[in-house]
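K.L.:
Supplied in structure tokens, the structure appears directly below.
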Amino acid sequence: MVSPSRCVQFLVLGCSSLLAGSVALATPPSLPLGPIGRCADVKAGGSATSAWLTSLAPTCGGDALTSGRLNVNIKLPIGGRVVVSATGAQHLNLYEVYWLPSPSTSFSTAKLVGNFATDCIGNSIDTLVRPISKASDINASTAPRLATMVGTVKGTGMYLVYSRGPYGSDTNGDCRADTYNTTTSPTDTDSSHPLANPAVGSLSSGIQFVSKDIESF
């Protein structure tokens with residue numbers, strides 16, 4: 008059995024897999040990913056997107072983040088899909104990712120990309136950003152290409168990440184949620200039921216993480 012502290016060494020989630028002792032580690036993205044940081048830190052300056060973010064005048068959220076990266080992987084078989092790796096974020100939390108094309112002057116042009124979820128120590132569970140409406144979607148085998156989600160084949164911009172709150176609890180100590188906050192019950196054991204997490208409200212408030220660089224695809 009591997010201790011939770013040992014799992015911190017892995018950038019892309021392998022934590023729950025290691026603790027369970029029966030599931031293989033997720034394969035890390037093969038290309039460098041665009042770094043993301045806490046909204047307040049990026050807004051404070053020092054990053055390529057700091058001035059742009061400041062001009063949008065958002066209200067930032069307060070979630071922690073030890074490290075994170077988010078960008079499109081161009082290599083098959085997941086080419087064109089957004090890959091994520093995050094460590095030290097909110098535990099057992101559902102996050103939602105948006106793409107804001109440059110040079111946008113408001114959040115009205117932001118496009119929904121999808122979601123990712125974290126484990127018991129705040130590490131991303133899977134490398135692919137995908138729509139998540141129920142817990143069983145977290146490790147789904149498919150994810151849409153960014154071009155499909157934003158309606159253009161190429162572009163530049165930055166990623167915005169919002170929190171939709173905790174999606175479940177780990178009651179057996181394996182670092183994975185085994186009860187879920189669903190529309191049926193806040194302690195549901197059926198991962199196929201729709202999650203009850205509230206939708207993201209105004210995109211100008213509650214931004215948790217944001218790209219440090221202008222990204223392209």
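Counting from 8, one number per residue, gives the positions in the sequence shown under this note's numbering. Glycine included, each C-beta is placed from N, C-alpha and C at the ideal position.
Let me make sure I understand the geometry here. Which of 169, 111, 118, 210 has the alpha-carbon closest to that of residue 44?
P.N.:
As a working mapping, residue 44 is identified with position 37 in the sequence shown. When only C-alpha atoms are compared, the closest one is 169.
K.L.:
Who are the near neighbours of residue 195 in its chain, counting only those whose CB is closer than 7 angstroms to its CB and skipping five residues on each side?
P.N.:
Looking up residue 195 in the sequence shown gives position 188. Answer for residue 195: 186, 187, 189, listed in chain order.
K.L.:
Give me the Cβ distance between residue 136 and residue 89, rounded to the nearest whole Å; I'm assuming they're in contact under 8 angstroms.
P.N.:
Counting from 1 along the sequence shown, the entry for residue 136 is found at position 129. Counting from 1 along the sequence shown, the entry for residue 89 is found at position 82. With a Cβ gap of about 4 angstroms, residue 136 and residue 89 count as contacting.
K.L.:
Output needed for residue 49: all residues of its chain with C-beta closer than 7 angstroms, excluding positions within five of it in sequence on either side, in chain order.
P.N.:
As a position in the sequence shown, residue 49 is number 42, starting the count at 1. Within the same chain, residue 49 has close Cβ partners 56, 57, 60, 217, 219.
K.L.:
Is residue 78 near the ligand FMN, judged by its Cβ being under 7 angstroms from some heavy atom?
P.N.:
Looking at this structure, you won't find the ligand FMN or any other ligand, since it has none at all.
K.L.:
Hey, quick one: how far does the alpha helix (DSSP H) through residue 155 stretch, first residue to last?
P.N.:
Position 148 of the sequence shown, counted from the start, is the residue given in the question as residue 155. First-last of the alpha helix (DSSP H) with residue 155: 153–157.
K.L.:
Taking just the CA atoms, how far does residue 134 sit from residue 180?
P.N.:
The residue given as residue 180 occupies position 173 in the sequence shown. The residue given as residue 134 occupies position 127 in the sequence shown. Spanning the two alpha carbons is a distance of roughly 23 angstroms.
K.L.:
Name the two residues that bound the continuous beta strand (DSSP E) containing residue 94.
P.N.:
Stepping through the sequence shown from its first residue, residue 94 is reached at position 87. Start and end: 88–94.
K.L.:
Do you know whose CA, among 145, 211, 221, lies nearest residue 201's CA?
P.N.:
Within the sequence shown, the letter at position 194 stands for residue 201. Cα-wise, what sits closest to residue 201 is 145.
K.L.:
Which same chain residues end up closer than 6 angstroms to residue 142 when comparing Cβ atoms and leaving out the 5 residues on each side of it in sequence?
P.N.:
As a first step, residue 142 must be located in the sequence shown, where it is residue number 135. Only 187, 198 meet the Cβ criterion.
K.L.:
With distance defined between alpha-carbon atoms, name the residue in 53, 156, 47, 212 nearest to residue 118.
P.N.:
Residue 118 sits at position 111 when you count from the first residue of the sequence shown. It is 156 whose Cα lies nearest to the Cα of residue 118.
K.L.:
Measure the beta-carbon distance from residue 101 to residue 174 and round it to whole angstroms, keeping in mind my assumption that it falls under 8 angstroms.
P.N.:
For the purposes of this step, residue 101 is identified with residue 94 of the sequence shown, where counting begins at 1. For the purposes of this step, residue 174 is identified with residue 167 of the sequence shown, where counting begins at 1. Confirmed, about 4 angstroms.
K.L.:
Would you please state the rounded distance, in angstroms, between the beta carbons of residue 107 and residue 164? I believe it to be under 8 angstroms.
P.N.:
Start at 1 with the first residue of the sequence shown, and residue 107 comes out as number 100. Start at 1 with the first residue of the sequence shown, and residue 164 comes out as number 157. Confirmed, about 5 angstroms.
K.L.:
Using the DSSP secondary-structure output, state which residues sit across from residue 59 in a beta bridge.
P.N.:
By 1-based counting over the sequence shown, the position of residue 59 is 52. Bridge partners of residue 59: none, in fact.
K.L.:
Taking a contact to mean a Cβ-Cβ separation below 8 angstroms, would you say residue 172 touches residue 151 in this structure?
P.N.:
For the purposes of this step, residue 172 is taken as the residue at position 165 of the sequence shown. For the purposes of this step, residue 151 is taken as the residue at position 144 of the sequence shown. Not closer than 8 angstroms, so no.
K.L.:
Starting from the C-beta of residue 47, find all residues in its chain whose C-beta is less than 6 angstroms away, skip the five residues before and the five after it, and write them out in chain order.
P.N.:
In the sequence shown, counting from the first residue as 1, residue 47 sits at position 40. Contacts found: 67.
K.L.:
So residue 125 and residue 147 are supposed to be a Cβ contact under 8 angstroms. How far apart are they, rounded?
P.N.:
Locating residue 125 in the sequence shown gives position 118, counting from the first residue. Locating residue 147 in the sequence shown gives position 140, counting from the first residue. Actually they are not in contact, since the Cβ atoms of residue 125 and residue 147 sit about 16 angstroms apart, beyond 8 angstroms.
K.L.:
In three-state DSSP terms, what is residue 195?
P.N.:
Position 188 of the sequence shown, counted from the first residue, corresponds to residue 195. Note: residue 195 maps to strand in three-state DSSP.
K.L.:
Once you ignore the five residues that flank residue 103 on each side, which residues in its own chain have a CB closer than 6 angstroms to its CB?
P.N.:
For the purposes of this step, residue 103 is taken as the residue at position 96 of the sequence shown. Excluding sequence neighbours, residue 103 sits near 122, 169, 171, 207.
K.L.:
Please classify residue 54: is it buried, with 16 or more other beta-carbons within 10 angstroms of its beta-carbon, or exposed?
P.N.:
Your numbering for residue 54 matches position 47 in the sequence shown. That one is buried.
K.L.:
What did DSSP end up calling residue 67 once you bin it into helix, strand or coil?
P.N.:
Counted from its first residue, the sequence shown places residue 67 at position 60. Strand, per DSSP.
K.L.:
Per DSSP, what kind of secondary structure is residue 114 in: helix, strand or coil?
P.N.:
Residue numbering aside, residue 114 sits at position 107 when the sequence shown is read from its first letter. DSSP places residue 114 in helix when its eight states are reduced to three.
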